[in-house]
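A.B. asks:
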Amino acid sequence: MFGLTRKTVRRLAPMRSPLRPFNSKRSVIDRMEPEHALYGIVGANGLVFMMWQTSQTWEKKKFMVENFTTSLSHLKAGRVHTLVTSAFSQMSTSHFLLNGLGLYFFGIEVCRLLGAKRFLGLYLSSAVAASLCQIGYDSYQGRKTIMLGASGAVNAITSFYICAFPHSTIYIMAILPLPAYVAGGLFILRDLWGATSTSGNIGNVAHLGGAACGVLFYRRLYQFRRFF
10 MFGLTRKTVR RLAPMRSPLR PFNSKRSVID RMEPEHALYG IVGANGLVFM
60 MWQTSQTWEK KKFMVENFTT SLSHLKAGRV HTLVTSAFSQ MSTSHFLLNG
110 LGLYFFGIEV CRLLGAKRFL GLYLSSAVAA SLCQIGYDSY QGRKTIMLGA
160 SGAVNAITSF YICAFPHSTI YIMAILPLPA YVAGGLFILR DLWGATSTSG
210 NIGNVAHLGG AACGVLFYRR LYQFRRFF
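Numbers 10 to 237, taken from the working numbering, label the letters of the sequence shown in order.
1) Give the straight-line distance between the Cα atoms of Arg-152 and Val-93, rounded to the nearest whole angstrom.
2) When DSSP builds the beta bridges, which residues end up paired with Thr-79?
3) Which residues in the same chain have their Cβ closer than 6 Å to the Cβ of Ser-98, if we skip the five residues on either side of it in sequence?
4) When DSSP labels each residue in this structure, what does Gln-150 get in the three-state scheme?
5) For Ser-140, name the three-state secondary structure that DSSP assigns.
6) Between Gln-62, Tyr-113 and Ala-96, which lies nearest to Ala-46 when the distance is taken from Cα to Cα?
7) Just the C-alpha distance for Arg-229 and Ile-38, rounded to the nearest angstrom, thanks.
8) Roughly how many angstroms separate the alpha carbons of Gly-219 and Glu-75, rounded to a whole number?
9) Beta-carbon separation of Ile-155 and Thr-79 under 8 Å?
10) With distances taken between CB atoms, is the gap from Ser-135 to Ala-162 smaller than 8 Å?
11) Going by other Cβ atoms of all chains shown within 10 Å of its Cβ, with 16 needed for buried, is Asn-210 buried or exposed?
12) With three or more C-beta pairs closer than 8 Å as the rule, is the stretch 125-140 touching the stretch 184-196?
13) What residue range is occupied by the uninterrupted alpha helix (DSSP H) comprising Ala-220?
14) Cα separation between Gly-212 and Ile-197?
15) Below 7 Å CB to CB, which residues in the same chain sit around Val-224 once its five sequence neighbours on both sides are set aside?
16) Starting from the Cα of Thr-251, find the closest Cα among Cys-222, Leu-123, Phe-115 and Leu-201 and give me that residue.
17) So, with DSSP's three-state summary, where would you put Ala-183?
18) Confirm, please, whether the CB-CB distance from Leu-123 to Ser-110 is below 8 Å.
19) Put Glu-44 into one of helix, strand or coil per three-state DSSP.
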C-alpha cells in the first residue's frame, strides 16, 4: 500500500516555538521524546487490534462496534468519541499490518521533525477530519456504512512526509522505487478512482481527507518548498 522509504540526506529543521518562555513545568507531552509518541500510537493500535481478536461474545463485539467504529448513526447517538477511537481500530491482520508499516516508516521521520505534541495533533486531527469526510460522502451517496482504521491519519502523515521530503525514495510494494512526489500523486489517483466506485469497502474519501490534512498541516507550519 505505502511501501518503504529511504532517508533523505537533507532534513528540515524541527519546528520550534521561539516566543514561548521556558517553563520547567511542561506537560508530559511536551517532555516526551518524539519517537515515544509514535510508539504510543502504534501500541494503541495494537491494543485495540487485540481487543478485536479476543471479542468472542456478542456483548464484547457490540461494545467494540459501538466504541471503535464510527458512522453517522454513531454521531447521532452521541458517540462522538468514535471519530477518534475508530482511528486506532483494525479488525483484520492485513489491515493492521499495512497501517502499522505505513505509520512507522513515514511517521518516524515526521515525528522527529514535528516533535511529540505536533505529531499527536496531526494524527488526531486528521483522524477526525478523515472520518467526517467519509461520513459526509457516504451520507450524500445515501449509503449507510461504518468505518474503522488508521488509514486516514496514516495518509496525513504520509502526505506531510512527501511535502517535507519530496525527493526521497518510496518503494511501492517494497519493489518499485519512485520519487516521493510521484508516489504521492499515484496514491491520490488511486483514491480518486476508488472514490468513484459504488462497490468495495475501502474508505477512499477518508484517505483523501487525511492526505489533505497532512498537506494543510505542512502548509501551516513550513509553507511549501520548491520541489524542482
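The beta carbon of each residue, even a glycine, is placed where N, CA and C say it ideally should be.
C.D. replies: With the given structure in hand:
1) 21 Å
2) Its beta-bridge partners are Met-156.
3) Val-57, Phe-77 and Leu-157
4) coil
5) For Ser-140, the three-state secondary structure derived from DSSP is helix.
6) Tyr-113
7) Each residue's alpha carbon lies about 21 Å from the other.
8) 23 Å
9) yes
10) yes
11) exposed
12) No, because fewer than three Cβ pairs between the stretch 184-196 and the stretch 125-140 fall closer than 8 Å, the two stretches do not touch.
13) Per DSSP, Ala-220 is one residue of the alpha helix (DSSP H) stretching across 213-231.
14) If you draw a straight line from the Cα of Gly-212 to the Cα of Ile-197, it is about 13 Å long.
15) For Val-224, where only same-chain residues beyond five positions count, the Cβ hits under 7 Å are Ser-168 and Cys-172.
16) Residue 251 is absent from the structure shown; the chain starts at 10 and stops at 237.
17) coil
18) Residue identity check: residue 110 is Leu in the sequence provided, not Ser. For Leu-110 and Leu-123, no; Cβs fall outside 8 Å.
19) In the structure shown, Glu-44 sits in a helix (DSSP, three-state: H, G or I).
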